[in-house]
Amino acid sequence: MFHLARKKIQCINENGEQVTPTEPNGIKLESFIFDVFPLSARMSILECKREEEFSPVKNMTGSDSPETARTMLSAMHGSWVKAAGGTVEDGATIEVAPSTSYGGEGLEAVVGGKTFSAVAMI
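Taking numbering that gives the first Met the number 0, the leading residue of the sequence shown gets 0, the next gets one more, and so forth.
Shown next, in the form of structure tokens:
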């Protein structure tokens with residue numbers, strides 16, 4: 000199951016030069032979760048806060064990249080650490096293992112009164 004997406008695709012012109020088009024010049028077959036909705040006998044949708052539940056990785060760099068997903072995850076985990084009495088300095092990267100806490104619960108004994116200033120796996 001897929002849908003068509005018109006895209007600007009770099010190509011080589013008749014002179015052998017790379018061209019970056021200003022208008023869509025190609026069609027890409029894309030597949031997303033919503034493409035199967037019409038095939039579902041029953042379906043449910045959950046509404047959630049994007050910054051807590053959704054950070055797509057569709058590009059190597061820039062928006063929707065591993066870097067932006069990592070930044071969003073670190074911001075969420077950093078907020079958990081702060082709520083549990085820890086301090087997170089600017090520029091710190093925080094990751095809380097699911098085995099330590101699934102949603103920020105129980106972190107007080109682990110991070111309370113501590114300061115995190117670099118990369119921290121909790």
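Note that beta-carbon positions come from the ideal geometry of N, C-alpha and C, so glycine has one too.
{"Item": "Span of the alpha helix (DSSP H) around E94", "Value": "Segment T92 to E94 is the beta strand (DSSP E) holding E94; no alpha helix (DSSP H) there."}
{"Item": "The stretch 98 to 116 / the stretch 76 to 85 touching (three or more Cβ pairs under 8 Å)", "Value": "yes"}
{"Item": "K81 in three-state terms, based on DSSP", "Value": "helix"}
{"Item": "Endpoints, the beta strand (DSSP E) within which V118 is located", "Value": "V118 to M120"}
{"Item": "E52 and M75 closer than 7 Å at C-beta", "Value": "no"}
{"Item": "DSSP state of V110 mapped onto helix, strand, coil", "Value": "helix"}
{"Item": "Pairwise C-alpha distance: I26 and P97", "Value": "40 Å"}
{"Item": "Among K7, L3, S39 and G15, nearest to E29 - alpha-carbon criterion", "Value": "L3"}
{"Item": "N-terminal and C-terminal residue of the beta strand (DSSP E) that R5 is part of", "Value": "H2 to K6"}
{"Item": "Inter-residue Cα distance where the pair is M42 and S78", "Value": "33 Å"}
{"Item": "Three-state secondary structure assigned by DSSP to L28", "Value": "strand"}
{"Item": "Backbone secondary structure at T99 - three-state DSSP", "Value": "coil"}
{"Item": "Residue nearest to K7 in terms of C-alpha spacing, selected from F31, Q17, F1 and E13", "Value": "Q17"}
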